[in-house]
Amino acid sequence: MLRLCHEEARRLYVDAEYEKAFAALELVDVRLAGSPAYQLDRGLVEYARGHCKEALAAFDQVIEHEPDSLRAGSQRAHVLVRLERFDDARAQFEKLLALPASLTELQGLKTTSYLHGNLGALRLIQDDAAGGRAA
1 MLRLCHEEAR RLYVDAEYEK AFAALELVDV RLAGSPAYQL DRGLVEYARG HCKEALAAFD
61 QVIEHEPDSL RAGSQRAHVL VRLERFDDAR AQFEKLLALP ASLTELQGLK TTSYLHGNLG
121 ALRLIQDDAA GGRAA
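Per this note's numbering, the very first residue in the sequence shown carries number 1; after that it's consecutive.
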């Protein structure tokens, strides 16, 4: 039942059925709350629902157990941007650049390019056009 509910929540998330995905996650929360995979999915759903503080808490739990999680770290940085904690978001993206996983490529996109692009966007948000271009 745990696996089925978790898989259903993932499917609903992909289908942009965020409230239903949240409901599916809630069914197994007590049993899976300590699972990094569960917390990652919960963070994604909370972020999609616009609940940034809850998403941040979920991504923090993932990073506590898996400090080198590129996905949780990048999602955490995006939440920080939405919370307008730009310095914290920049620090998170910079931390990810130091990980070995930052040298990977996903669907033709180099992770370092993705991270530098986000750092550049943050500089632009903070009125640093020169820094944005450089990043």
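Ideal placement from N, C-alpha and C gives every residue a C-beta, glycine not left out.
Give every residue of the same chain whose Cβ lies closer than 8 Å to the Cβ of Glu105, excluding the five residues on either side of it in the sequence, and list them in chain order.
Position 105 of the sequence shown, counted from the start, is the residue given in the question as residue 105. Answer for Glu105: Thr111, listed in chain order.
For the stretch 87-94 and the stretch 48-61, state whether three or more C-beta atom pairs, one from each stretch, are separated by less than 8 Å.
no
Tell me the rounded alpha-carbon separation between Ile125 and Leu44.
Taking the sequence shown and counting its residues from 1, one reaches residue 125 at position 125. Taking the sequence shown and counting its residues from 1, one reaches residue 44 at position 44. Answer to the nearest angstrom: the Cα atoms are 23 Å apart.
Does Val79 get closer than 8 Å to chain C when you measure Cβ to Cβ?
Protein chain content of the structure displayed is limited to a single chain, and chain C is not contained in it.
Applying the 10 Å Cβ sphere with the 16-neighbour rule, what's the burial state of Asp15?
For the purposes of this step, residue 15 is identified with residue 15 of the sequence shown, where counting begins at 1. By the neighbour-count rule (16 or more Cβ atoms within 10 Å), Asp15 is not buried but exposed.
Where are the beta strand (DSSP E) runs, 3 residues long or more, that stay fully inside the stretch 59-128, in chain order?
none
Cα-Cα, which of Leu2, Cys5, Glu46 is closest to Gln75?
As a first step, residue 75 is located in the sequence shown; it is residue number 75 there, counting from the start. Selected option, being the one with the closest Cα: Glu46.
Using CA coordinates, which residue listed in Val28, Asp41, Met1, Leu2 is at the minimum distance from Leu12?
Reading the sequence shown from its first residue, position 12 is the one you call residue 12. If we check each option's Cα against that of Leu12, Asp41 comes out closest.
Determine the contact status of Leu103 and Asp68, defining contact as a CB-CB distance below 8 Å.
Counting from one through the sequence shown, the residue named residue 103 turns up at place 103. Counting from one through the sequence shown, the residue named residue 68 turns up at place 68. Not in contact: Leu103 and Asp68 (Cβ atoms no closer than 8 Å).
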